[in-house]
Structure formats: structure tokens, C-alpha cells
Amino acid sequence: MTEMVSSTNYIKHHLTYLTYNVSDMKLGSGGFWTLNLDTLFFSIVLGIVVCGLMYFGARKVTTGIPGKLQNFAEIMLQFADNQVKDCFHGKNNLIGPLALTIFLWVFLMNFMDILPVDILPALAQTGGIHYLKVVPTNDLNLTFGLSLSVFILIIFYSIKIKGVKKFIKELTLQPFNHPGFIPFNLLLEVVGLVAKPISLALRLFGNLYAGELIFILIALLTLNAATSSTLATATLGSAQFILALAWSIFHILVITLQAFIFMVLTIVYLSLAHEDH
Numbered sequence: 214m215t216e217m218v219s220s221t222n223y224i225k226h227h228l229t230y231l232t233y234n235v236s237d238m239k240l241g242s243g244g245f246w247t248l249n250l251d252t253l254f255f256s257i258v259l260g261i262v263v264c265g266l267m268y269f270g271a272r273k274v275t276t277g278i279p280g281k282l283q284n285f286a287e288i289m290l291q292f293a294d295n296q297v298k299d300c301f302h303g304k305n306n307l308i309g310p311l312a313l314t315i316f317l318w319v320f321l322m323n324f325m326d327i328l329p330v331d332i333l334p335a336l337a338q339t340g341g342i343h344y345l346k347v348v349p350t351n352d353l354n355l356t357f358g359l360s361l362s363v364f365i366l367i368i369f370y371s372i373k374i375k376g377v378k379k380f381i382k383e384l385t386l387q388p389f390n391h392p393g394f395i396p397f398n399l400l401l402e403v404v405g406l407v408a409k410p411i412s413l414a415l416r417l418f419g420n421l422y423a424g425e426l427i428f429i430l431i432a433l434l435t436l437n438a439a440t441s442s443t444l445a446t447a448t449l450g451s452a453q454f455i456l457a458l459a460w461s462i463f464h465i466l467v468i469t470l471q472a473f474i475f476m477v478l479t480i481v482y483l484s485l486a487h488e489d490h
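The sequence shown runs contiguously to residue 490 in my numbering.
What follows is the structure in C-alpha cells.
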């Protein structure tokens with residue numbers, strides 16, 4: 214029972230955010246006006262890293278032999294540009310930079326899941342911080358923030374390109390072009406519209422949350438190693454290393470794919486918003 218309680222506390226500890234309540238002005242308290250400080254910190258830092266990499270890559274552009282940073286920036290730019298050309302059928306100078314930013318930023322936030330689960334929380338505890346979640350995309354607040362930003366752009370460009378009148382017609386006269394079906398059409402279209410940000414947010418959150426849980430479960434193998442024999446500790450440690458390595462290699466594909474899917478779906482949704490039938 215002691216080991217079970219210890220394992221439960223270990224899991225709960227890794228799934229607890231460093232929170233700050235704005236109304237109470239206290240750390241560690243809940244409520245509606247609560248900020249997840251670890252999510253905000255790591256997402257902002259990684260966003261600055263993305264901007265910095267691309268900025269200095271652009272500053273070092275040369276017609277001669279390119280450096281590694283320039284090669285990286287050009288590869289990423291070409292990659293995002295190809296996706297926009299394949300999926301986006303309108304004209305908008307925002308889509309390319311948006312796609313590039315989304316892919317790199319989401320990928321770096323996902324990549325934090327590859328770090329060993331105890332390293333950064335242990336370092337934080339030496340500084341008096343008892344809770345720290347280092348993967349921003351494990352937070353529904355962040356994934357919904359990203360998806361709602363995309364949703365706002367969808368509504369904005371739908372109205373800008375089609376006009377208010379045509380946008381309302383699109384919601385009320387599709388798929389059945391008859392006034393009697395307006396309530397049914399409106400229900401279908403609104404559900405389909407609202408499903409876009411919800412699916413974007415939950416898909417990203419679910420995959421990263423599951424990945425983090427598996428890493429935590431693998432870490433549990435040696436949680437109580439100090440109370441075991443030397444042979445048992447060595448066996449569990451070897452098994453833990455093999456499992457963690459295998460899952461990390463597989464998870465790299467997952468985090469890359471999730472960043473790619475988020476980027477492509479954003480481009481597709483905005484492309485649909487630019488279509489004027």
C-alpha cells in the first residue's frame with residue numbers, strides 16, 4: 214500500500230501545474246482566474262527561440278556557401294511554402310508565415326515531452342518550485358488558445374472574403390438550398406464550424422498527454438529502487454532504459470506528426486474560408 218500511494222503521488226505531482234490565482238494573488242491556488250505559470254513560461258520561451266532561430270537565419274543569408282542556420286531556415290521556409298501551395302487556393306500573405314510559425318512552435322513545445330520527466334522538475338525543486346509541467350501542449354488551455362486563434366481567423370476571413378450576407382447564406386442554405394431547411398442547415402453548419410477548433414485542440418492535447426503518461430509510467434519502474442536488491446534494481450533500470458529509448462524514438466514521430474497536422478489543418482480551414490462560391 215505504501216508503494217501504491219507513493220506511485221499515485223508521483224503521478225499526481227507530475228500532472229500538477231504551477232498555478233497563480235490572479236484574484237487572490239497567490240501561488241498554488243485554483244479558481245477561474247488561474248494562470249498556469251509553467252505553461253506560459255515554456256510556451257513564451259520556445260516562441261522566442263523559434264523567432265530567434267528564423268531571424269538570425271535570415272540575417273545570415275548569403276549567396277555563397279550557406280551556413281547550418283541558413284540551411285535550416287531555408288528548409289523550413291520551403292517546407293511550409295510547399296504545404297501552403299498544395300493546400301491553400303486563395304491569395305493571402307499571412308498564411309505562409311502563419312504555417313511556418315505554427316509548425317516550428319508546436320513542434321518545439323511537443324519536443325519538451327522527450328526530455329526525461331524528472332530533470333526540469335528536480336531542478337525547479339532546488340529553487341523552491343514544487344510543481345512544474347514542462348510540456349505546454351499538455352495543457353488544454355494552450356491547445357484551445359491556439360485553436361481559438363485559428364477559429365477567429367477563419368471567421369474573420371470568411372466574412373472579409375465572402376461578405377456578411379454570403380457568409381450567412383453559406384450557414385443557412387447549405388447543404389439544402391431551401392428556406393424550409395434553414396434551421397437544419399444552420400445546425401449542421403454551426404456544428405461543423407465549432408468542431409474545427411475543438412478537434413484541433415483535443416487532438417494535439419490528447420496525443421501529448423498520453424505520451425507524457427507513458428513516460429511517467431516508465432519512470433515508475435525505478436521509483437522505489439532504493440528498497441530493492443541490487444539485481445532487481447539493475448534489471449528494472451535496464452528495462453526502463455530500453456522502454457524509454459524505444460518510446461522516445463517512436464514519440465519523435467508522434468510530436469512531428471501532430472505539429473504537421475495542426476499546420477496543415479490550419480491551412481485547409483483558412484483555404485475554405487477564402488473560397489467564395
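Glycine is no exception: its CB is placed at the ideal position from the N, C-alpha and C atoms.
| query | result |
| --- | --- |
| So, using beta-carbon positions, are residue 324 and residue 468 closer together than 9 Å? | yes |
| Compute the Euclidean distance between the alpha carbons of residue 553 and residue 388, then round it to the nearest angstrom. | Since the displayed the chain opens at 214 and closes at 490, residue 553 lies outside it and no answer follows. |
| Among the candidates 412, 411 and 383, whose CA atom is the shortest distance from the CA of residue 399? | 383 |
| Which residues share a DSSP beta bridge with residue 239? | 234 |
| Using the C-alpha atoms, what's the distance from residue 263 back to residue 316? | 10 Å |
| With DSSP as the reference, please indicate the residues paired to residue 479 in a beta bridge. | Answer is none; residue 479 lacks a bridge partner. |
| Please report the Cβ distance between residue 308 and residue 483, rounded to the nearest whole angstrom; I am assuming they are in contact, meaning their Cβ atoms lie under 8 Å. | 6 Å |
| Given that a residue counts as buried once 16 or more other Cβ atoms are within 10 Å of its Cβ, and exposed if not, what is residue 488? | exposed |
| Among 417, 267 and 423, which residue has its Cα nearest to the Cα of residue 359? | 417 |
| Let me know the secondary structure DSSP gives residue 221 once reduced to three states. | helix |
| Return the residue from the list 448, 379, 299 and 255 that minimises the CA-CA distance to residue 480. | 299 |
| Determine the extent of the beta strand (DSSP E) in which residue 252 is found, giving its start and end residues. | Careful: residue 252 lies outside any beta strand (DSSP E), inside the alpha helix (DSSP H) at 250–272. |
| Alpha carbon to alpha carbon, what distance is there between residue 269 and residue 275? | 12 Å |
| Starting from residue 422, trace the alpha helix (DSSP H) both ways and give me its first and last residue. | 395–432 |
| Any beta carbon of chain D sitting closer than 9 Å to that of residue 261? | Absent from the structure is chain D; it holds one protein chain and no more. |
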